[in-house]
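Peer 1: Below are the structure tokens for one structure; questions will follow.
As structure tokens, then:
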């Protein structure tokens, strides 16, 4: 059995090396080096028993979490001795709550949400950073009269009620915009029906949904936060600090395996889409192929935005994000970078 | 074959054009008809759906009014809603939901959801969900806009997984919205109506929501998962997106889409359901519309092709039937041209131009054959005559004394003569012979005409001269005898010019008589010459009783008598000038110590040079007699 495991390990290594080779030879964007494929939990790896842990997405199943699905599907987690249960989050099942309730050992979360959690006294650790740039947009119909940032003054700004709104508030504060904030849920119909003049959107999700209601990009005014001084990275993997301190190896393995999953996902788009669609169908969610494809493409941009710090949050990005939130009074306190992340900073 | 090909291609082109025009026109007509059918179908369904929506709107508005006006207490409200849901199949659930603020202000007010479960009306208090539902489309949009609102298809977790669409009407208090009355309709109601639409075999209708979401479509995976725009993106068809925009913007139209599969027919007629801003599209495949027509066209084309092949075959056979004898005729003509007049001509059974041509050719062949046979006979005759003429010429040549035999044994004179007939046989003659041991007779004559008659006459005259001189020694008498004979025996009335002379070798005296002949020249040793041009009578053989005289000249030693026929003086150059006497005399004068032969050859060469080697119109005869010394 040990021999078998070793064989499996070799196969996975070969797959990873091959995918790395393809990645390196195909695209500059794919220049991501995987320094160490060896699981740190080698003792567990050699034992037959897998550690069962739960990971919860911060939103409904979609290509935003492709790396997690692929890591599970392709056996990257089990290769690290992990049996990962992937649970679906969403507006009614927020991942920070799941983390605090210990329903999930690992969750994905926006950096801003994580900073807010810490601000609220919850001790959590970033064990990997998936997104390296902001995918958030503020989108208005030109017919609302919003053509430039100042036009937002006096308008109704639709921001998601529960989560993800901090960067947008930061953007508005930074630009000294006085506008009516309208809490909205997750549909774009409030924009198409002129309930709000401008609203939050993720470029990989709601923006594409909006375009697929028949509105053309030329009819829209778009403010990407990344281009407007609020380039706060988003999705990261978090766990409770206590859990991290007791299970450092497992946390590193989970992070490693997940990022391996992302490498594979970005290099095997068709296969990844098929895996994502399986999750959508299983959850009875709309399985819209072009939308998931669009999402994966946009995620690719976010994940590979800073290849030199692939999988990690840089101290600079952390400091920028935290100070941005503090400066705009979204949060009031923060922890040092070294306490916030569960790995060494990228040099 | 070229004709066959040309006719075939031209006819084919015309028929193809006809088929093309016919196809285009028919396609237009049939497409128009299909559009009309699609339009009618869409209109019927829109009318049907509009009726349902209208009814639901009215009932929701009424409910909102009754509740808003506090006209119903709780039991009445329950009864009223139960009655609504029982009697209106299209109504799936009714929700009366208040704003958070209103609920907070009125603790006794509840937000309620009514729906049937196992034929029992369930009333569910959803007040605790206010925080969530006040952000839902069905609530926030009519509340903010303060107007009734038809929702996009959605799923209310309280009602299970059934997709619904909801009509929401705001309720007011003091001008502010305090809540929403919402009536839900299962999408199945609309799906049943629209899904049942069939146009031809594969045509169908689609129902799109205001956002372009597929509410109905034959492909289940698209329903509520895709909008027409995401589908257009997946297919990569921009035109579909444009059609989708027209549909969600409430427009009607008829468009041809640039793709075709089982689920994606090419044509779509679309029209809006104005009440909820949804849209119905009726799609059909033009291949199907054109199906029967295409079958007709294919059958027609096959028959046409078959017909054309038969036409081609028959034209080919016919043309071949016409051209086969023509080709045989051409071969026969070649053979006839090669001299085979007996070649058999093709038999043409048909009565056409080729048969006429063959008949004419047959006649020509027959006449040509006869002509050629006659020609062969004639040629044979001609050859025979030519052979005889050659013999006659030989005989004539033999009659004229050769220079080897021309009194070479008589030392007193040297004689040299030539006779070059213009044709094979001539009419000139010359002769020189001894009459007795002292006297020598010489003669030169020119018979009028050429050929056989002239030569015969010449032969006769020579024989006469030779025979007469045996007993007649006077030149005048000789002339008379010859003239008499010729006049009596010359039926063709040919005449003759003649010089006859008798030289007395002992004295050198010459008596001669000239009957119309060219002059006689006497060349002296000192290169002088005397021309005796006087004639003593006319030509012989015409008038029987002539008075003939003669002249006598005395030769000195070395004198030469030069005699010739008019072939010399009348020899013609290329420019049709006569050689003439002057040139002759110039040659005679220029000769240095000549002998008869050199005189003859000089004159002949002069004439040849003058006329050119190949030209000779008349017999050329020259006779020169040189007196060497008297006979002692």
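Chains as they are written, first to last, in the numbering used here: chain A, 1 to 347; chain B, 1001 to 1632. C-beta atoms are modelled at their ideal positions from N, C-alpha and C, and glycine is treated no differently.
Counting along the chain, where does the alpha helix (DSSP H) carrying residue 1145 (chain B) start and finish?
Peer 2: Segment 1137–1145, the alpha helix (DSSP H) holding residue 1145 (chain B).
Peer 1: Between residue 1139 (chain B) and residue 1154 (chain B), what straight-line distance do the alpha-carbon atoms span, to the nearest angstrom?
Peer 2: C-alpha separation (whole angstroms): 13 Å.
Peer 1: Judging by CA-CA distance, which residue of B:1219, B:1097 and B:1562 is the nearest neighbour of residue 1417 (chain B)?
Peer 2: Checking every option, the nearest Cα to that of residue 1417 (chain B) belongs to B:1562.
Peer 1: What residues in the segment 1099–1121 of chain B bring their beta carbon closer than 7 Å to a beta carbon of chain A?
Peer 2: Here the close residues number zero.
Peer 1: Sort B:1495, B:1448, B:1312 and B:1592 by Cα distance to residue 1009 (chain B) and report the nearest one.
Peer 2: The shortest C-alpha separation from residue 1009 (chain B) is found at B:1312.
Peer 1: By alpha-carbon positions, which one of A:57, A:176 and A:230 ends up nearest to residue 86 (chain A)?
Peer 2: Of A:57, A:176 and A:230, the residue nearest in Cα terms is A:57.
Peer 1: For residue 1113 (chain B), which residues in the same chain have their Cβ closer than 7 Å to its Cβ, ignoring the five residues on either side in sequence?
Peer 2: Result list for residue 1113 (chain B): 1093, 1095, 1124, 1126 and 1158, in chain order.
Peer 1: Taking residue 1329 (chain B) as the reference, which of B:1190, B:1355 and B:1048 has the closest Cα?
Peer 2: The shortest Cα separation from residue 1329 (chain B) among B:1190, B:1355 and B:1048 belongs to B:1355.
Peer 1: For residue 1436 (chain B), is the classification buried or exposed, using 16 other Cβ atoms within 10 angstroms of its Cβ as the cut-off for buried?
Peer 2: The residue is exposed, with fewer than 16 neighbouring Cβ atoms inside 10 Å.
Peer 1: Quick check on the burial criterion: 16 or more other C-beta atoms within 10 angstroms. Buried or exposed for residue 1589 (chain B)?
Peer 2: By the neighbour-count rule (16 or more Cβ atoms within 10 Å), residue 1589 (chain B) is not buried but exposed.
Peer 1: Going along the segment 197–211 of chain A in order, which residues come within less than 9 Å of chain D, judged by CB to CB distance?
Peer 2: Absent here is chain D; the protein component of the structure consists of chains A and B.
Peer 1: When you compare the segment 184–203 of chain A with the segment 213–229 of chain A, are there three or more beta-carbon pairs, one atom per stretch, that lie closer than 8 Å?
Peer 2: Touching, yes.
Peer 1: With DSSP as the reference, label residue 77 (chain A) as helix, strand or coil.
Peer 2: Three-state result, residue 77 (chain A): helix.
Peer 1: Examine chain B for any beta-carbon lying closer than 9 Å to the beta-carbon of residue 287 (chain A), and answer yes or no.
Peer 2: Yes, residue 287 (chain A) counts as interfacial toward chain B.
Peer 1: Quick one, which of A:66, A:54 and A:79 has its alpha-carbon nearest residue 253 (chain A)'s?
Peer 2: Nearest of A:66, A:54 and A:79 to residue 253 (chain A), Cα basis: A:79.
Peer 1: Going by the C-beta, is residue 170 (chain A) closer than 8 Å to any heavy atom of the ligand PLP?
Peer 2: The ligand PLP is not among the ligands present in this structure, which contains no ligands whatsoever.
Peer 1: Under a CB-based cut-off of 9 Å, is residue 61 (chain A) close to chain B?
Peer 2: Judged by the 9 Å Cβ criterion, residue 61 (chain A) is not in contact with chain B.
Peer 1: Since residue 187 (chain A) meets chain B, which of its residues come closer than 7 Å, beta carbon to beta carbon?
Peer 2: The answer, in chain order, is 1137.
Peer 1: Taking the straight line between their C-alpha atoms, what separation do you get for residue 1424 (chain B) and residue 1605 (chain B)?
Peer 2: C-alpha separation (whole angstroms): 21 Å.
Peer 1: Please state if the CB of residue 1202 (chain B) and the CB of residue 1255 (chain B) are separated by a distance shorter than 9 Å.
Peer 2: No, the Cβ-Cβ distance between residue 1255 (chain B) and residue 1202 (chain B) is not below 9 Å.
Peer 1: If residue 203 (chain A) and residue 224 (chain A) are in contact, beta carbons under 8 Å, what's the gap, nearest whole angstrom?
Peer 2: That pair is a contact at about 7 Å.
Peer 1: Taking only three categories from DSSP, how would you classify residue 118 (chain A)?
Peer 2: Helix at residue 118 (chain A).
Peer 1: From this set, A:134, A:249 and A:105, which residue's C-alpha is nearest residue 302 (chain A)'s C-alpha?
Peer 2: Answer by Cα proximity: A:134.
Peer 1: For a test of the three-state rule: what should DSSP assign to residue 1603 (chain B), helix, strand or coil?
Peer 2: Residue 1603 (chain B): helix per DSSP, three-state reduction.
Peer 1: What does a CB cutoff of less than 6 Å around residue 1516 (chain B) pick up in its chain, not counting 5 residues either side in sequence?
Peer 2: Answer for residue 1516 (chain B): 1497, 1535, 1538 and 1539, listed in chain order.
Peer 1: Tell whether a beta-carbon distance below 9 Å holds between residue 207 (chain A) and residue 139 (chain A).
Peer 2: Their beta carbons are under 9 Å apart, which means residue 207 (chain A) touches residue 139 (chain A) by this criterion.
Peer 1: Applying a beta-carbon distance threshold of less than 8 Å, which residues of chain A neighbour residue 1234 (chain B)?
Peer 2: Under the 8 Å cutoff, chain A gives 289 and 290.
Peer 1: Short check: CB of residue 1512 (chain B) to CB of residue 1532 (chain B), under 9 Å?
Peer 2: In contact: residue 1512 (chain B) and residue 1532 (chain B) (Cβ atoms closer than 9 Å).
Peer 1: I want to see whether chain A comes within less than 9 Å of residue 1276 (chain B), judged by CB atoms only; does it?
Peer 2: False, the Cβ-Cβ gap to chain A never drops below 9 Å.
Peer 1: Any C-beta of chain B within less than 7 Å: which residues of the segment 155–168 of chain A qualify?
Peer 2: The residues in question are 161.
Peer 1: Return helix, strand or coil for residue 262 (chain A), following the three-state DSSP convention.
Peer 2: Three-state DSSP puts residue 262 (chain A) in a helix.
Peer 1: Using a Cβ cut-off of 7 Å, which residues of the segment 1048–1067 of chain B contact any Cβ in chain A, in chain order?
Peer 2: The segment 1048–1067 of chain B vs chain A, Cβ under 7 Å: nothing.
Peer 1: Hey, how far is the Cα of residue 1371 (chain B) from the Cα of residue 1341 (chain B)?
Peer 2: Cα to Cα, residue 1371 (chain B) sits roughly 11 Å from residue 1341 (chain B).
Peer 1: Closest to residue 1168 (chain B) by CA distance: which of B:1348, B:1136, B:1233 and B:1030 is it?
Peer 2: Of the candidates B:1348, B:1136, B:1233 and B:1030, the one whose C-alpha sits nearest the C-alpha of residue 1168 (chain B) is B:1136.
Peer 1: Hey, would you say residue 84 (chain A) sits closer than 9 Å to residue 65 (chain A), going by beta carbons?
Peer 2: Not closer than 9 Å, so no.
Peer 1: Which full runs of the alpha helix (DSSP H) of 4+ residues lie inside the segment 1241–1318 of chain B, going along the chain?
Peer 2: Those alpha helix (DSSP H) runs which fall completely within the segment 1241–1318 of chain B and span 4+ residues are 1286–1289.
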